[in-house]
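Each position in the sequence shown, counted from 1, maps to that position plus 15 in our numbering.
Yeah, the Cβ is synthetic: ideal placement off N, Cα and C, and Gly gets one too.
All values derive from a computational prediction rather than experimental measurement.
Everything on this sheet refers to the single structure shown next.
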Amino acid sequence: MTGIDLASWRKAMDICSACPLLMKCREELNTQLDLGQLPREQIVAAVLFSTTGRAVNRAELDDYAIRRGRTAASSRRPSSASRIREVAA
């Protein structure tokens, strides 16, 4: 995960959410988290992780992109992805 391309983040999260290996990936993620290993700057198990390893839920994506340098006007475009049920809350 690089840059501030909100549409790409949402698309990756949506694709990840539909993956047949999602449950196994979540189990592996939970194991990593239990060991204190935080994913950084990537999407794992349909969850975006910040540069510090904090999980960023879908409702926070716009604000996170702005903190990374995206302008507020360009990050507030409506997306069909926002209608997809949140799985990573």
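Contact check, residue i vs residue j, beta carbons under 7 Å
i	j	result
residue 19	residue 84	yes
residue 110	residue 40	Here the chain covers residues 16 to 104 and nothing more, so residue 110 does not appear.
residue 66	residue 56	yes
residue 80	residue 58	no
Reduced DSSP category for residue i - H, G, I as helix; E, B as strand; rest coil
i	result
residue 58	strand
residue 22	helix
residue 33	coil
residue 96	Unreliable placement is indicated for residue 96, whose pLDDT of 44 sits below 50; no coordinate value is reported for it.
residue 53	coil
Residues near residue i in its chain [Cβ-Cβ closer than 6 Å; skip 5 each side]
i	result
residue 54	64
Nearest neighbour of residue i, chosen from the options [CA to CA]
i	options	result
residue 29	82, 78, 81 and 72	72
Close beta carbons around residue i, own chain, < 8 Å, minus the five adjacent residues each side
i	result
residue 36	none
residue 44	54, 59, 60 and 62
residue 24	16, 58, 63, 76 and 80
Cβ distance (whole Å) where residue i is taken to contact residue j below 8 Å
i	j	result
residue 74	residue 62	So it is not a contact: roughly 13 Å between Cβ atoms.
Cut-off 7 Å between Cβ atoms - residues of its own chain near residue i, not counting five sequence neighbours on either side
i	result
residue 42	none
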